[in-house]
Amino acid sequence: MASISSKEKRRHGSVRIPYSYYKCSIPDYFPMVPLHWHNEFELNYVTGGKSEFTYGKEKFVTDTGDIIIVPPNMLHAIYPYQDFRQTYETLVFREEMLGTGRAERGWVSCIAPVIDGSHEISVPVAGAEKAYAEIRACVERIFGYTQRDTPVADLYMKSELLRLFCLLQESGCIKAVSGKSDKSMESIRPALLFINRNYKENIDVGQLAEMVHLSRSHFMYRFKQVVGISAMEYVIQLRIKSACDMLRSSGCTSVEIAFACGFQNLSNFNRQFKKCVGCTPRQYRQLQKNF
């Protein structure tokens, strides 16, 4: 997924090419995708294996063939599940890929409600869903067009994304949100954003708690309730994810990477890295050369 953390600072795609494609493998390519959100839609298609997917307040185990569509600003994460390896394709695309006619009734009734959060898409879209075979074929065509990388393919992809939303709408996979919004998740979002921007610096739990107007103990409880791990464990995950990116893409030494990612000494970096990834930084770099 490339540089994934809380509120992603990178912008996916560009004005000329408003999408980005990723072929992913967990835990081979990276150990996990920590909880994060971004302003774009995200389409995930599981091509093999299993993982644990966090989608807002929901957690579920994905399987081969599952389709997960993440709307803008939805908190989501991917973690390994047991000893399974998962391969999947991801398309992160800006809403312009679904058209620009904001006043058109199709946009107002079918797309805008998903963006503003008043409607949600069923997750995962799996074999038991009505019209799954047709939805899956549409998704496979979408990913096929990413490989062509031409202006004409972009138009075909745009038409298939619109078709995908039509199929989701007609099959009942897009529904009005029922129940109250998850205030616990929204209350810690500012802390997640701060951690994302400053995980390479010293971060104090008390500072995070004050930021979201909670006592230290209440903040620690709520953060773990929402994210599944403590705030400091989350910081370490982001640092390790950043270290993995550097090990794959740079020639920096382990010492340089450790300090660049916010660790105070090499021994702690090596210990945390092995705990999170399952091998040493040197072994990880070697494995990526063979990947």
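In our numbering, the protein residues as written are 32 to 322. Ideal Cβ placement from N, Cα and C applies to all residues, glycine included.
- In the structure shown, ALA157 falls within a coil segment according to DSSP collapsed to helix, strand and coil.
- Just so you know, the alpha carbons of HIS244 and ASN104 end up roughly 22 angstroms apart.
- An exposed status is given to THR131, since fewer than 16 other beta-carbon atoms sit within 10 Å of its beta-carbon.
- Annotated as proximal: GLY79 and THR118, with beta-carbon spacing under 8 angstroms.
- Per DSSP, SER281 lies in no alpha helix (DSSP H) segment and is marked neither H nor E.
- If you draw a straight line from the Cα of VAL145 to the Cα of PRO102, it is about 7 angstroms long.
- According to DSSP, residue pairing for TRP138 in a beta bridge does not occur.
- For CYS197, the uninterrupted alpha helix (DSSP H) segment begins and ends at 182-201.
- Fewer than three pairs of CB atoms, one per stretch, sit closer than 8 angstroms, so the segment 243-260 makes no contact with the segment 274-290.
- The residues ILE57, PRO58, PRO62, MET63, SER82, GLU83 and GLN117, in chain order, have a CB closer than 8 angstroms to that of PRO111 in the same chain once the five nearest residues on each side in sequence are set aside.
- For HIS150, the three-state secondary structure derived from DSSP is strand.
- The straight-line gap separating the alpha-carbon atoms of GLN317 and ALA291 is approximately 20 angstroms.
- Remark: C-beta atoms of ARG253 and SER215 approach each other more closely than 8 angstroms.
- With three or more CB-CB distances shorter than 8 angstroms, the segment 165-174 counts as touching the segment 191-206.
- Here HIS67 is buried: its Cβ has 16 or more other Cβ atoms, across all protein chains shown, within 10 Å.
- Rounded to the nearest whole angstrom, the C-alpha separation of TYR53 and ILE226 is 25 angstroms.
- For ALA207, the enclosing beta strand (DSSP E) covers residues 205-207.
- Residues CYS141 of the same chain have their beta carbon placed closer than 6 angstroms to that of GLN200, with the five preceding and five following residues left out of the count.
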